[in-house]
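Asker: After the structure tokens below, expect a handful of questions from me.
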Amino acid sequence: MRAWRVHEFGEPVAVLRLEEIDSPEPGPGQVQIRVACAALNFGDGLMCRGLYPLRPEFPFSPGLEVCGEVERVGDGVSLAIGQRVIAVPDLPHGGLAEACIANAANVYAIPDSLGDVEGAGFLIPYQTGHVALHRRAQIRSGETLLVHAGAGGVGSAAIQLGVAAGAEVIATAGGAEKCEVCLKLGARLAIDYRTEDFSTAVREATDGRGADVIYDPVGGDVFDRSTKCVAWEGRILVVGFAGGQIPTLSTLDLLLESFSVVGVYMGEYSRRERPTLDAVHAELLALHGKGTIRPLVGREISMEEVPLAIRDLGNRRTIGKIIIRIGDGPRI
Ligand SMILES: NC(=O)c1ccc[n+]([C@@H]2O[C@H](COP(=O)([O-])OP(=O)(O)OC[C@H]3O[C@@H](n4cnc5c(N)ncnc54)[C@H](OP(=O)(O)O)[C@@H]3O)[C@@H](O)[C@H]2O)c1
Numbered sequence: 018m019r020a021w022r023v024h025e026f027g028e029p030v031a032v033l034r035l036e037e038i039d040s041p042e043p044g045p046g047q048v049q050i051r052v053a054c055a056a057l058n059f060g061d062g063l064m065c066r067g068l069y070p071l072r073p074e075f076p077f078s079p080g081l082e083v084c085g086e087v088e089r090v091g092d093g094v095s096l097a098i099g100q101r102v103i104a105v106p107d108l109p110h111g112g113l114a115e116a117c118i119a120n121a122a123n124v125y126a127i128p129d130s131l132g133d134v135e136g137a138g139f140l141i142p143y144q145t146g147h148v149a150l151h152r153r154a155q156i157r158s159g160e161t162l163l164v165h166a167g168a169g170g171v172g173s174a175a176i177q178l179g180v181a182a183g184a185e186v187i188a189t190a191g192g193a194e195k196c197e198v199c200l201k202l203g204a205r206l207a208i209d210y211r212t213e214d215f216s217t218a219v220r221e222a223t224d225g226r227g228a229d230v231i232y233d234p235v236g237g238d239v240f241d242r243s244t245k246c247v248a249w250e251g252r253i254l255v256v257g258f259a260g261g262q263i264p265t266l267s268t269l270d271l272l273l274e275s276f277s278v279v280g281v282y283m284g285e286y287s288r289r290e291r292p293t294l295d296a297v298h299a300e301l302l303a304l305h306g307k308g309t310i311r312p313l314v315g316r317e318i319s320m321e322e323v324p325l326a327i328r329d330l331g332n333r334r335t336i337g338k339i340i341i342r343i344g345d346g347p348r349i
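Take any residue in the sequence shown, note its place counting from 1, add 17, and you have its number in this note's numbering.
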């Protein structure tokens with residue numbers, strides 16, 4: 018089979034090699050998935066550079082998110098051969114390959130109403146958004162939700178889930194085109210945070226109150242300025258650090274404004290709380306079935322285009338999810 022593999026850490030375009038290798042074998046509790054489509058995540062670039070929290074053994078295939086069919090199962094797995102699934106693969110056998118390995122705990126059956134292209138970009142953005150907004154921030158209908166990097170992978174899903182929860186959504190994004198995307202997704206206001214101070218704009222748009230919930234996949238200055246526009250008793254969700262800086266926080270600000278900073282790490286949720294995620298998955302499929310949420314597929318690419326696409330993702334040049342057609346490509 019063909020697989021992108023990394024043998025040493027470095028820039029993705031330099032260290033990714035497209036190789037012909039044997040298919041990996043599923044061990045106990047694992048499945049082998051024939052990948053129809055995979056989605057890129059910001060973490061793929063970090064992983065190539067050795068900056069991701071997980072550092073798999075060499076050589077490894079990146080790829081954190083796939084849609085495909087169960088081809089083989091290890092001992093103790095009840096999934097049927099041929100079942101269409103979405104999954105977070107188990108490294109080093111990630112999803113940028115014609116076949117990947119996943120622990121059954123990270124595999125979710127899907128109906129044919131969720132096609133292979135959309136399916137590949139469904140699991141991480143929506144599970145992260147749902148757990149963050151509902152479980153961690155306890156968002157309520159009528160609250161104001163501020164979503165940073167709203168035209169990105171996780172941001173675009175958070176806007177849709179916020180609207181579905183009855184929130185008034187404000188988004189930030191880098192540039193006019195991305196702001197337009199946020200408005201189309203249901204945000205009532207989109208702020209180009211590269212040219213405008215979003216903190217002031219959010220205060221103005223909320224009659225000085227600020228945002229009740231802030232979804233932050235960017236970190237750095239964006240986090241710092243979020244603390245200046247969070248509402249009394251608001252919640253700032255720490256989702257990621259795409260900006261490259263991990264911010265620190267004055268607990269005096271927390272005290273004076275009575276707001277909370279709430280972490281979300283889906284890797285750990287899937288290990289600890291599969292029953293919770295089963296319920297979340299069922300709810301997300303129902304929302305997709307009703308057309309309330311729909312993965313924002315910015316680009317579909319071939320296997321060969323992966324390294325340059327990972328570079329674009331790290332350079333703010335992508336919108337929504339980048340989906341890779343793998344092997345025979347999408348069937349549904
Ligand atoms: N906590 C979790 O469990 C979890 C789950 C999934 C993802 N994440 C994290 O969430 C973040 C977003 O992931 P994603 O895959 O959905 O990526 P993405 O949002 O599609 O892409 C990252 C976006 O961040 C914005 N950005 C701001 N400053 C940036 C900078 N200096 N360099 C690059 N991008 C910058 C850009 O949007 P603008 O141009 O609009 O600013 C860019 O498009 C990542 O940090 C990822 O690790 C965390």
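All C-beta atoms in this analysis are idealised placements derived from N, C-alpha and C, irrespective of residue type, glycine included.
Buried or exposed for ILE98, please, with buried defined as at least 16 other CB atoms from any protein chain shown within 10 angstroms of its CB.
Answerer: When all chains shown are included, ILE98 counts as exposed.
Asker: Whole angstroms is fine: what's the gap from PHE258's alpha carbon to HIS165's?
Answerer: Looking at the two C-alpha atoms, the distance is approximately 11 Å.
Asker: Excluding the five sequence neighbours on either side, which residues of its own chain have a C-beta within less than 7 Å of the C-beta of LEU352, listed in chain order?
Answerer: Here the chain has residues from 18 to 349 only, and residue 352 is not among them.
Asker: Hey, would you say VAL279 sits closer than 8 Å to ARG153, going by beta carbons?
Answerer: yes
Asker: Could you tell me the alpha carbon to alpha carbon distance between LEU10 and ASP214, rounded to whole angstroms?
Answerer: Lying outside 18 to 349, the shown extent of the chain, residue 10 is not represented and no answer is given.
Asker: Measure from the alpha carbon of LEU202 to the alpha carbon of each residue in VAL219, THR223, VAL171, then state which is nearest.
Answerer: VAL171
Asker: Say yes only if the C-beta of LYS201 is nearer than 7 Å to one or more non-hydrogen atoms of ligand 1, and no if none qualify.
Answerer: no
Asker: Which residue comes first and which comes last in the beta strand (DSSP E) that contains VAL124?
Answerer: VAL124 -> beta strand (DSSP E) spans 124-126.
Asker: At a cut-off of 7 Å, is ILE141 close to ligand 1 when judged by its beta-carbon and the heavy atoms of the ligand?
Answerer: yes
Asker: Tell me the rounded alpha-carbon separation between ASP92 and GLN47.
Answerer: 8 Å
Asker: Taking a contact to mean a Cβ-Cβ separation below 8 Å, would you say VAL314 touches ILE340 in this structure?
Answerer: yes
Asker: Might you give, ordered along the chain, the residues of its own chain that have their beta carbon closer than 7 Å to the beta carbon of SER40, omitting 5 neighbours on each side?
Answerer: MET18, GLN49, ALA116
Asker: Report whether the distance from the Cβ of ASN123 to the nearest heavy atom of ligand 1 is below 7 Å.
Answerer: no
Asker: Relative to the C-alpha of ILE127, which residue among MET320, ALA303, ILE327 is closest?
Answerer: ALA303
Asker: From ILE156, ARG51, ARG289, ARG333, pick the residue whose C-alpha is nearest to that of ILE343; which is it?
Answerer: ARG51
Asker: Report yes if the C-beta distance between THR161 and ALA137 is below 8 Å; otherwise report no.
Answerer: Taking 8 Å as the Cβ cut-off, THR161 and ALA137 do not qualify as a contacting pair.
Asker: Using 8 Å as the Cβ pair cut-off and three pairs as the minimum, do the region 178-195 and the region 264-280 touch?
Answerer: no
Asker: Hey, quick one: how far does the beta strand (DSSP E) through ASP229 stretch, first residue to last?
Answerer: 228-233
Asker: Could you tell me which residues DSSP puts in a beta bridge with CYS65?
Answerer: Bridge partners of CYS65: none, in fact.
Asker: Would you kindly work out how many angstroms separate the C-alpha atoms of LEU96 and ALA104, rounded to a whole number?
Answerer: 12 Å
Asker: Can you check which of these residues, LEU273, ASP238, PRO234, is closest to GLY251 by C-alpha distance?
Answerer: LEU273
Asker: Work out the CA separation of ILE336 and ARG316 for me, nearest whole Å.
Answerer: 8 Å
Asker: Just to confirm, does MET283 get its C-beta within under 7 Å of one of the non-hydrogen atoms of ligand 1?
Answerer: The answer is yes for MET283.
Asker: Compare the beta carbon distance of GLY60 and LEU81 with 8 Å and say whether it is the shorter of the two.
Answerer: For the pair GLY60 and LEU81, the CB atoms are nearer than the 8 Å cut-off.
Asker: Taking 7 Å as the line, does the beta carbon of PRO234 fall inside it for any heavy atom of ligand 1?
Answerer: Yes; taking the cut-off as 7 Å, the Cβ of PRO234 has a heavy atom of ligand 1 nearer than that.
Asker: Report the rounded CA-to-CA distance for ASN120 versus ASP229, giving the unit in angstroms.
Answerer: So the alpha carbons of these two residues sit roughly 36 Å apart.
Asker: From which residue to which residue does the beta strand (DSSP E) around LYS338 run?
Answerer: Where LYS338 is concerned, the enclosing beta strand (DSSP E) stretches over 338-342.
Asker: Considering only the beta carbon of each residue, do ALA188 and ALA174 sit closer than 8 Å?
Answerer: No, the pair does not count as a contact, with Cβ atoms beyond the cut-off.
Asker: Strictly by DSSP, which residues pair up with VAL52?
Answerer: DSSP, once it has assigned bridges, lists GLY85 as partnering VAL52.
Asker: Throw me the rounded Cβ distance for the LEU57 and ILE327 pair, which I believe falls under 8 Å.
Answerer: 6 Å
Asker: Relative to the C-alpha of GLY44, which residue among ARG72, ARG89, GLY27 is closest?
Answerer: ARG89
Asker: Can you give me the Cβ contacts of GLU135 inside the same chain, cut-off strictly under 6 Å, excluding the 5 residues immediately before and after it?
Answerer: Taking GLU135 as the centre and dropping the five residues before and after it, the same chain places the C-beta of PRO312 closer than 6 Å to its C-beta, in chain order.
Asker: Measure from the alpha carbon of SER275 to the alpha carbon of each residue in GLU285, ARG289, LEU301, CYS246, then state which is nearest.
Answerer: Among GLU285, ARG289, LEU301, CYS246, the Cα nearest to that of SER275 belongs to CYS246.
Asker: In the region 272-323, which residue ranges form an unbroken beta strand (DSSP E) of at least 3 residues, counting only runs that do not cross its ends?
Answerer: 277-280, 314-318
Asker: Measure the CB-CB distance between VAL281 and ALA149 and report whether it falls below 8 Å.
Answerer: Annotated as proximal: VAL281 and ALA149, with beta-carbon spacing under 8 Å.
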